[in-house]
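What follows is a short report on a single structure.
Numbering (full-length UniProt numbering), first residue to last: 1 to 414.
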């Protein structure tokens, strides 16, 4: 199940693309000038793609152009007659052309991203083109505000379809809870997703009145928005690199083993995702996990191997409070400092994020035989020791979530 559903979605998108291309080649391209203009827009949008394949919409201009073509009913006051198969064929061909330079650099779009593009554009085109070309849509709503509202409603449905598809494939691939994944996808729609939908609708309406010259005019605002998002992403990347550098201070000074903070951060984020934390909470959790040992810099004598889980509770809390104070001085989000400060509190008094950091930290120390808590039996014995300590030191739900994460990664047994 974990791999079949994404593969099925990709196969369905591929089949739809092949059939649409074959249909278009057999019947010929209707209104070639219009198809060429929108194809160029989609190709340029793919060429201007930014970020990594993990970004929700790395090619917003291409997505907006594809949606605009799917919802196009008129060009400069004259009705268009292209159907849904031609929309899909033009979008697929243009996206492939625009992706060639990125593929050559090893940064091309992922199969999942291309599949989602084909399926969502196909959904919009199938919902709109038959109704418009048959005249039914004009009979029902006519022109004016009602027609625009229908387009907006269709775009909302298309966005929901895309969000459900993205969450479903991610759930099938990773096993993470579907609800939080869908929530994060819907929340992301308020960002670049809303700009893409709005631009697609405005482009379609503008071309219907002003013709194809409206395409470059209405592309500029989205390009500026894309530039702003790119700068924001660069700031966030720098911010995370700064936190990672601060986290390595304890490793460089010899207080903690190499890679400990990174491993704890990775485990913490995976457990948080498994427990259904939202994306903002996951970011706070990851940053706190990276900096959870920074309070050890205040110690005169380092703890053996940096393993704090076996220290007296008072000493653990002192180190945690000192770490929180250091985090606050760095200008990092205060929520991160709270997690660092409270990681040594009794687990029933801790926020969930602090419980996760505490559990992930103890597991990494035990599994690698670090300090007095080290376990010579490795990951399985470390996990068993955590289970035996639930109810006293660790929350059972967090430990079982860690077991699921390790099982999926092949590092432990649930």
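Ideal placement from N, C-alpha and C gives every residue a C-beta, glycine not left out.
Exposure label - residue 134; buried when at least 16 CB within 10 Å: In the chain shown, residue 134 corresponds to position 134, counting from 1. Exposed, because fewer than 16 other Cβ atoms sit within 10 Å of the Cβ of residue 134.
Other residues of its chain near residue 196: CB distance less than 8 Å, five sequence neighbours each side excluded: Within the chain shown, numbered from 1, the residue matching residue 196 stands at position 196. Only 57, 60, 63, 64, 67 and 222 meet the Cβ criterion.
Counted within 10 angstroms of its Cβ, other Cβ atoms place residue 130 as buried (16 or more) or exposed: Position 130 of the chain shown, counted from the start, is the residue given in the question as residue 130. Exposed, because fewer than 16 other Cβ atoms sit within 10 Å of the Cβ of residue 130.
Where residue 330 sits in the DSSP three-state scheme: One-based indexing of the chain shown puts residue 330 at position 330. Of the three classes helix, strand and coil, the one that applies to residue 330 here is coil, per DSSP.
Environment of residue 391 [buried if 16+ CB atoms lie within 10 Å]: Position 391 of the chain shown, counting from 1, holds the residue named residue 391. Exposed: under 16 other Cβ atoms inside 10 Å.
Interface flag, residue 47 vs chain B, CB-CB below 8 Å: In summary, chain B is missing from the structure at hand, where a single protein chain is found.
Boundaries of the alpha helix (DSSP H) in which residue 140 is found, first to last residue: For the purposes of this step, residue 140 is taken as the residue at position 140 of the chain shown. 136-141 is the extent of the alpha helix (DSSP H) around residue 140.
CB of residue 207 within 8 Å of CB of residue 72, strictly: Here residue 207 refers to the residue found at position 207 of the chain shown. Here residue 72 refers to the residue found at position 72 of the chain shown. Yes, Cβ-Cβ distance for residue 207 and residue 72 is below 8 Å.
As assigned by DSSP and simplified to three states, the class of residue 255: Numbered from its first residue, the chain shown carries residue 255 at position 255. Correct three-state label for residue 255: coil.
Short Cβ contact (8 Å threshold) for residue 367 with residue 389: Residue mapping note: residue 367 aligns to position 367 of the chain shown, counting from 1. Residue mapping note: residue 389 aligns to position 389 of the chain shown, counting from 1. No, they are not a contact pair.
Residue burial classification, residue 414 (beta-carbon count within 10 angstroms, cutoff 16): Counting from one through the chain shown, the residue named residue 414 turns up at place 414. The predicted position of residue 414 is uncertain, since its pLDDT is 44 and thus under 50; a value taken from the coordinates is nonetheless stated next. Exposed, because fewer than 16 other Cβ atoms sit within 10 Å of the Cβ of residue 414.
Cross-strand partners of residue 394 (DSSP beta bridge): On the chain shown, position 394 is the one that residue 394 refers to. According to DSSP, residue 394 bridges with 390.
Residue 267 beta carbon less than 8 Å from that of residue 398: As a position in the chain shown, residue 398 is number 398, starting the count at 1. As a position in the chain shown, residue 267 is number 267, starting the count at 1. Going by C-beta atoms, residue 398 is not nearer than 8 Å to residue 267.
8 Å Cβ cutoff met for residue 69 and residue 87: Against the chain shown, residue 69 aligns to sequence position 69. Against the chain shown, residue 87 aligns to sequence position 87. Their beta carbons are under 8 Å apart, which means residue 69 touches residue 87 by this criterion.
Cβ-Cβ distance between residue 116 and residue 162 below 8 Å: The count along the chain shown starts at 1 and reaches residue 116 at position 116. The count along the chain shown starts at 1 and reaches residue 162 at position 162. Taking 8 Å as the Cβ cut-off, residue 116 and residue 162 qualify as a contacting pair.
Classification of residue 255 by the beta-carbon crowding that lies within 10 angstroms, buried from 16 upward: As a first step, residue 255 must be located in the chain shown, where it is residue number 255. Result: buried.
8 Å Cβ cutoff met for residue 337 and residue 290: Taking the chain shown and counting its residues from 1, one reaches residue 337 at position 337. Taking the chain shown and counting its residues from 1, one reaches residue 290 at position 290. Their beta carbons are not under 8 Å apart, which means residue 337 does not touch residue 290 by this criterion.
Exposure label - residue 205; buried when at least 16 CB within 10 Å: Residue numbering aside, residue 205 sits at position 205 when the chain shown is read from its first letter. By the 10 Å Cβ count, residue 205 comes out buried.
Residue 358 classed as buried or exposed, judged by whether at least 16 other C-beta atoms fall within 10 angstroms: Start at 1 with the first residue of the chain shown, and residue 358 comes out as number 358. Buried, since its Cβ has 16 or more Cβ neighbours within 10 Å.
Burial state of residue 250, where buried means 16 or more other Cβ atoms lie within 10 Å: The residue labelled residue 250 in the question sits at position 250 within the chain shown. Residue 250 comes out buried.
Beta-carbon proximity of residue 49 to residue 82, cut-off 8 Å: Counting from 1 along the chain shown, the entry for residue 49 is found at position 49. Counting from 1 along the chain shown, the entry for residue 82 is found at position 82. Cβ atoms of residue 49 and residue 82: not closer than 8 Å.
Residues bridged to residue 79 [DSSP beta-bridge criterion]: The count along the chain shown starts at 1 and reaches residue 79 at position 79. 74, per the DSSP bridge assignment.
Per-residue DSSP class, three states only, for residue 48: Your numbering for residue 48 matches position 48 in the chain shown. Reduced to three states, the DSSP call for residue 48 is coil.
Euclidean distance between Cα positions of residue 170 and residue 176: Stepping through the chain shown from its first residue, residue 170 is reached at position 170. Stepping through the chain shown from its first residue, residue 176 is reached at position 176. Looking at the two C-alpha atoms, the distance is approximately 8 Å.
Buried/exposed call for residue 143, threshold 16 Cβ in 10 Å: The residue you call residue 143 lines up with position 143 of the chain shown. So residue 143 counts as exposed.
Nearest-angstrom beta carbon gap, residue 99 and residue 109 [assumed within contact, 8 Å]: As a working note, residue 109 is residue 109 in the chain shown. As a working note, residue 99 is residue 99 in the chain shown. About 6 Å separates the two Cβ atoms, so the contact holds.
For residue 365 and residue 302, the rounded distance between their alpha carbons: Sequence index remark: in the chain shown, residue 302 carries index 302 (1-based). Sequence index remark: in the chain shown, residue 365 carries index 365 (1-based). One C-alpha to the other measures close to 15 Å.
Spatial distance of residue 335 from residue 284 (CA atoms): The residue given as residue 335 occupies position 335 in the chain shown. The residue given as residue 284 occupies position 284 in the chain shown. Answer to the nearest angstrom: the Cα atoms are 7 Å apart.
Reduced DSSP secondary structure (H/G/I, E/B, other) of residue 303: By one-based count along the chain shown, residue 303 stands at place 303. In the structure shown, residue 303 sits in coil (DSSP, three-state: anything other than H, G, I, E or B).
Cβ pair residue 344, residue 264 closer than 8 Å: Numbered from 1 along the chain shown, position 344 holds the residue referred to as residue 344. Numbered from 1 along the chain shown, position 264 holds the residue referred to as residue 264. Cβ distance not < 8 Å, so residue 344 and residue 264 don't count as in contact.
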